[in-house]
Amino acid sequence: MKKLIYLMVVIAILGLIVSGCSIPLKSVVPISEKENPKPELGTPEIDKLVFVHSKPPVLEKIEFIHWKKDFAKGKPIPPSTPKCYAFIGKYGKTYLKWPTLPVSYVINPTNPAQTLDKYFVTSAISAGAEEWDANTGAELFNAYAIDYNAAYGVQNYQNAISFGDYPTANVIAVTTVWYNPATKAIVEFDVKFDTDWTWGDATVDPALMDLQNIATHELGHGVGLDDVYDSNCSAVTMYGYSDYGETQKRTLEQPDITGLQTLYK
Ligand SMILES: [Zn+2]
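Note that the numbering used here numbers the sequence shown so that position 149 is 688, with each residue one more than the last.
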């Protein structure tokens, strides 16, 4: 009997040793290290990681349509003397604008309806961006990148400039601006040049729709400026109509600059 008790005690002790060994064997790698790679030597230890899951902001959008001259579909002309600049959104004294600068953008230089030189397209559009940049102390735009997948109207926080067909007649280009109504922050813009037109450099051939001219106008929407439809303002870049051969929107006029500098000093 004593032997039996002795044997049971030995078995119990062995059992404890075996089970005691097996636990650390299974958990040699602590859970926290499995999920988070061990910091490099010399980097400080990370005490804890907090993952904040917040709801994505509910965004709103506005689409700006740029019409061919004499195809007026614009807003009623105000009776008072026009300022010749306007903002795409005003909340008290707050306007919709980019909260942080500079703004990045991508160009898809492919025009499915017309063979255009990639360098012509990118230089015309970036010249438009530079015109806005040059008229404020703020650095508005980063250098462009080329993205052959960039498409119009996809809300993905990528500011995409591309060519494509717009189904309505007499539309030269469109810009959609997405913004967060809670913070009044512009979060994205996309531009589409309508493939109904023959695009090019109208200083070389006035029978072309000038890409730099229209790009400069559309980028004005991208930074927060609205169309102006009063014919007394027809010289400004943000005037809502254009035509073949027009190049005067390539350079900003004083009302465009005043509007721009109201948003970005
Ligand atoms: Zn416009």
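Idealized CB from N, CA, C, for every residue including glycine.
Computed from a prediction, not measured in an experiment: that's the story for all the values here.
From this set, the options, which residue's C-alpha is nearest residue i's C-alpha?
| i | options | result |
| --- | --- | --- |
| Leu758 | Ser665, Tyr780 and Asn719 | Ser665 |
| Ala708 | Asp735, Tyr658, Ile700 and Asp656 | Asp735 |
| Asp749 | Thr797, Leu655, Thr633 and Val642 | Leu655 |
| Asp795 | Thr633, Pro651 and Pro621 | Pro621 |
| Lys723 | Gly763, Thr786, Ile753 and Gln694 | Gly763 |
| Thr633 | Ile725, Asn752 and Ser701 | Ile725 |
| Val653 | Gly739, Leu679 and Arg789 | Checking the displayed sequence, the identity of residue 653 turns out to be Gln instead of Val. Considering only alpha carbons, the answer is Gly739. |
| Thr786 | Leu598, Ala746 and Ile601 | Ala746 |
| Tyr783 | Val767, Ser770 and Gln751 | Gln751 |
| Ile711 | Pro720, Trp717 and Ser701 | Ser701 |
| Ala741 | Tyr630, Gln793, Ser781 and Tyr718 | Ser781 |
| Asn688 | Ser773, Asn650 and Gly667 | Asn650 |
| Ala718 | Ala663, Pro706 and Gln694 | Just to set this straight, residue 718 is Tyr in the shown sequence, not Ala. For the residues Ala663, Pro706 and Gln694, the minimum Cα distance to Tyr718 belongs to Gln694. |
| Ile627 | Pro638, Ile601 and Phe659 | Ile601 |
| Trp637 | Ala684, Tyr683, Val716 and Ala682 | Val716 |
Provide the residue(s) that pair with residue i in DSSP beta bridges, ordered along the chain.
| i | result |
| --- | --- |
| Thr633 | Tyr630 |
| Lys600 | Trp717 |
| Asp729 | Ala699 and Thr715 |
| Ile646 | Ile685 and Ile700 |
| Trp606 | Val710 and Tyr780 |
| Ala741 | Answer is none; Ala741 lacks a bridge partner. |
| Ala724 | Lys636 and Asn719 |
Taking its Cβ as the centre, do 16 or more other Cβ atoms sit within 10 Å of residue i, making it buried, or is it exposed?
| i | result |
| --- | --- |
| Ser643 | exposed |
| Tyr624 | buried |
| Gly692 | exposed |
| Val713 | buried |
| Asp704 | exposed |
| Val730 | buried |
| Asp744 | exposed |
| Ile562 | Because the pLDDT at Ile562 is just 41, under 50, the model does not fix this residue reliably, and the point stays unresolved. |
| Ala673 | exposed |
| Ala663 | buried |
Less than 8 angstroms between C-beta atoms, sequence neighbours within five positions excluded: which residues of the same chain meet that for residue i?
| i | result |
| --- | --- |
| Asp686 | Val645, Ile646, Asn647, Gln697 and Ala699 |
| Trp671 | Leu679, Phe680, Thr755, Leu758, Gly759, Val762, Leu791 and Leu799 |
Using a Cβ-based criterion (distance less than 8 angstroms to any ligand heavy atom), does residue i qualify as near ligand 2?
| i | result |
| --- | --- |
| Asp766 | Looking at this structure, you won't find ligand 2 anywhere; what it does contain is ligand 1. |
Kindly list the residues whose CB is nearer than 7 angstroms to the CB of residue i, restricted to its own chain and excluding five residues on each side of it in sequence; keep chain order.
| i | result |
| --- | --- |
| Lys657 | Pro648 |
| Gly779 | His605, Trp606, Gly613, Asp766, Val767 and Tyr768 |
| Thr797 | Tyr624 |
| Pro720 | Glu599 |
By Cβ distance, which residues of its chain are closer than 6 angstroms to residue i, with the 5 residues on each side in sequence left out?
| i | result |
| --- | --- |
| Ala677 | Leu640 and Tyr803 |
| Thr675 | Leu799, Gln800 and Tyr803 |
| Cys560 | Unreliable placement is indicated for Cys560, whose pLDDT of 41 sits below 50; no coordinate value is reported for it. |
| Ala668 | Phe680 and Leu758 |
| Arg789 | Gln751, Asn752 and Thr755 |
| Cys772 | Pro621, Cys623 and Tyr778 |
Whole alpha helix (DSSP H) elements within the segment 746-791, 4-residue minimum: As far as the segment 746-791 is concerned, its whole alpha helix (DSSP H) runs of at least 4 residues are 750-762.
Unbroken stretches of the alpha helix (DSSP H), 4 residues or longer, contained in the segment 656-699: Restricted to the segment 656-699, the alpha helix (DSSP H) segments that are unbroken, complete and at least 4 residues in length are 657-672, listed in chain order.
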